[in-house]
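The block underneath contains the structure these notes are about, expressed in structure tokens.
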Amino acid sequence: MAIVRMSEFYGYVLNEDLPAVLDGLQAFNAITLKDIAAQAQAPFAAGKTDYDFERNRYQQEHIQHVLKSMERFEKQQRKTKKSLKQSFQVMHMSYETLQQRSKSIDIEYLLETYGEDYDTKASAIENFKVSKPWVHSRMELDKLIELSQSRAIIGTVSSANASPFMKELSRYRMVYAMETPIEDGIIVVIRCLESDRGALEILCEQYDVEARSAKSLQIIDAHKTMDRILNDLISKRKGMDDRYESMGYYQEELKIYYEYLRQEEFRYQKVSQFLQSQHVTILAGWVESEEAEELEQVLAKATNGVFHFSAEACDLSERDVPIKLRNKRLFRPFELITNMYSKPRYNELDPTPLLTVFYAVFFGMMLADIGYGLLMAVGCFLALKLIQMKQSTRQMISFLLILSVPTILWGIIYGSFFGGLIPMRGLLDIQRDFNLVMVISLAFGVLHLFFGLALKGYLYFIRKEYAAILYDVVFWYLALIGAIILISMMFTDLLKAWQGIGLVLMVIGMAGIVLTNGRSAKTIPGKAASGLYSLYGITNYVGDIVSYTRLMALGLAGASIGMAFNMIVTMLSALGWYGVLFGAAVFAIGHGFNVFISGLSAYVHSARLTYVEFFGKFYQGGGAPFTNFRAASTYIEIGDKT
Amino acid sequence: MNFLLSSGGLIFAVLGMTLTVVFPGIGSAKGVGMVGEAASGLVIDEPDKFGKSLILQLLPASQGLYGFVIAIMILGNLRPDLSLQQGLFILVACLPMMIVGYPSAVAQARISTAGITILRRNEEQMTKTIIYTVMVETYALLAFVTSIIILNTVVF
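Protein chains in written order, with numbering that gives the first Met the number 0: chain V, 0 to 641; chain C, 0 to 155.
Pasting the structure below:
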């Protein structure tokens, strides 16, 4: 129930073990690496790897392209839309399974079959350097056909002219060409679109291209291969729909391989954050203190024992420790709210369990309807049970599921079921007793702010700044309590007996604030001035407390809208059977809209009260998040170690 | 003059009722239109984001609804023998929603339109725009609640 304690680790491994180490670390997952490349000193330098990132990205792009075309094709075929369930459903797979399955996938074959323009290693022409326009940008089928039907320009260029000629040639994007060096220059074979032919012929004149035939140059085989590659591509394009039809199972394989490529790319990218000498790589990062030993074993296994590992618990005052929150199940969904603001610093409190209760109460008070609450509860419960969703979606849904409880409870208090569909007596009628509800809102506000102030005191306590508790917390309590007693006299005589005490408390508190809160200033007049200025901060409290009236306002708004729709429904249903039918539609759409708008408002305004009013009292935030050693996945949710 | 005294009550009440639908309604229509226009540009390239853009588009729609709800609530108070004073009271009760509805819907729509750009570039951050947008809505909501409170306090 708090911020997880971290240890900073250093690992020394042999360069040749690095791939195995990276693989092991990625399976282990729960580490955040530290970028130590900037500290490089001879003989160490920033880490390098000869991993082929370009090939990886090229394959990624093509897999994505195939999957997208496949999706488009499926849409055309079925004409029906995906069901709601399907669009939220995600595939789950453990990291180990992903690795294993991707090893048995023949990606070259798959991409050659299904990738429209995939350039396999196999489609090279011996001794020739080929430039294929369709590799770089998408070409329409009719352009490809035009290319294949065009007359090839075959010729030789002298050595002097060769490189400027090829440079000029590369400016034409739709040119299919190949070249090979000969004794005194190069042979070029060019196929181009009719629209480019004129310009190209001038270019050939310019660089003295000597026109020859394939036969005389003895490149007939290569020339045929060149044509075959293009023709294969065309027939593949033409038969694409048939191919997609047969794809089925391979779609999953492609997704798996895509995720595999992403992970592989990710782990090799991180190498640049390491330090490397000729033989040794140093890597550094953070791991949960409890898992440090486990991490050591991972390294031991990956290096066959040839390594050095050290881990040391992080000091509270360290700034750059990555933050991971771990809360009890009930509180965990509320980490959403904390994360949206900012993670805590390592020496702060995790505010999640502290904000949960108030957040839930506020949310319930603003939506406050039994019907809406039940709707949320049933919907979220079913979604959680029936659909395998992404982790983040799951968290959001369980968040809403928890919030449905206070919504129902407040609905009972206000006696509201779908905006008063079933008349029932609650404890309060928000339409009539809104003044009372407003006072209750303000009382919640005072409670919330005082709780925030208490937490500020607690933080001082754990940092052992005991005097500050008196200065910044106790004095404020006195001033505020005194002021509240005095202000309440303007509306009610309830606290009249306490008037004297209230005055004394306020004066002590305010004097204390003026005397102590300017203590950071250097000169005496400076201290006095900034002490007075701090006291001026009491106006902020007025603003803060008034801000809680929104609890009443939003509750009333939601209730009124719901009631208005019910009025319309009643009017309509008096018109006979078609009125009833129409009324049912108005009921569903109207209340649907109200749940959406009121729910959204309740979500946002509860968050606002938490961030501005509550966090303003004690919370700073600004901690860096703990990021796992894995790339974010697209198609498949990759499970943690079990 | 006599006519004003005898039927003025009803006329002013209905005037309040209609105008409180008209102005916020214009605002919402304009706002929803603006966002819809921006969203269509997005959906051409990325049809999958339709659902999310719909949420953004719906946000400035609430002002029109608030005006409409007030009109419905006035409906319960309408009687042919409303006095001039009562009629004017209802008209004045409508003023907050009538006035605040239009500009707040348009302001909200501007943020939503910006949100469409965010949706295009960085989908994850869209929730934050929604929060900005709902902040504007607060004021429409306060106007709405004020109108409702005034209408509820005095019972004819």
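Where is the CB? At the ideal position from N, CA and C, for every residue including glycine.
Contact between the stretch 134 to 149 of chain V and the stretch 95 to 105 of chain V is not established, with fewer than three Cβ pairs separated by less than 8 Å. Close CB contacts of V:R549 within its chain, under the 6 Å cut and outside five residues either way in sequence, are with H604 (chain order). Against chain V, the CB of C:F22 has no partner CB under 9 Å away; the residue lies outside that interface.
Bounds of the alpha helix (DSSP H) holding V:H604 are W576 to R607. In this structure, V:C203 keeps its C-beta atom at 9 Å or more from the C-beta atom of V:Y171. Residue state for V:F308 is assigned as strand, using DSSP reduced to three classes. Under the three-pair Cβ rule at 8 Å, the stretch 26 to 38 of chain C counts as touching the stretch 103 to 121 of chain C. Residue pairing by DSSP places V:I637 opposite V:M92 in a beta bridge. Excluding its 5 nearest sequence neighbours in each direction, C:P102 has C-beta neighbours in its own chain below 8 Å: G26, listed in chain order.
By the neighbour-count definition (other C-beta atoms within 10 Å, threshold 16), V:I523 is an exposed residue.
Residues of chain V with a Cβ closer than 9 Å to the Cβ of C:V68 are, in chain order, A556, S559, I560, M562, A563 and F564. One thing to note: C:L55 has its Cβ no nearer than 9 Å to the Cβ of C:A70. Among the bridge pairs identified by DSSP, V:A552 is matched with none. For V:K128, the enclosing beta strand (DSSP E) has its first and last residue at K128 to S130. For V:R150, the secondary structure class from DSSP, reduced to helix, strand or coil, is coil. Secondary structure at V:A630: coil, using DSSP grouped into helix, strand and coil. Non-local beta-carbon contacts of V:D195 in its own chain, meaning distances under 8 Å to residues more than five positions away in sequence, involve Y171, M173 and V174 in chain order. Counted as a single uninterrupted DSSP element, the stretch harbouring V:V611 is not any alpha helix (DSSP H), since DSSP gives it neither H nor E. Under the 9 Å criterion on CB atoms, V:L599 is classed as interfacial with respect to chain C. A check of alpha carbon separations from C:L118 across C:Y65, C:D47 and C:V153 identifies C:D47 as the nearest. At a C-beta separation below 7 Å, V:L553 has these neighbours in chain C: L140. The continuous alpha helix (DSSP H) containing V:I219 extends over residues I219 to K237. Counting only the Cα atoms, V:E258 lies some 11 Å from V:Q58. In terms of Cβ geometry, V:G46 and V:Q250 do not form a close pair [threshold 9 Å]. Fewer than three beta-carbon pairs drawn from the stretch 522 to 536 of chain V and the stretch 578 to 594 of chain V are found closer than 8 Å, and the two stretches are therefore not classed as touching. Note on geometry: alpha-carbon atoms of V:I484 and V:R393 lie some 46 Å from one another. Put simply, the CB of V:I588 is far from chain C, with every gap to its CB atoms at 9 Å or more.
Taking 9 Å as the cut-off, the Cβ atoms of V:L574 and V:F581 count as close.
Between V:G536 and V:Y610, the alpha-carbon positions lie close to 18 Å from each other.
Taken through DSSP and simplified to helix, strand or coil, V:T48 comes out as coil. For V:Q99, the secondary structure class from DSSP, reduced to helix, strand or coil, is helix. Not a single C-beta of chain C is nearer than 9 Å to the C-beta of V:I439. In the three-state scheme derived from DSSP, where H, G and I count as helix and E and B as strand, V:Y547 is classed as coil. The beta carbons of V:I336 and V:A606 sit about 6 Å from each other, so the pair counts as a contact at 8 Å. DSSP links V:L13 through a beta bridge to V:V279. Between V:F433 and chain C, the shortest Cβ-Cβ separation is below 9 Å.
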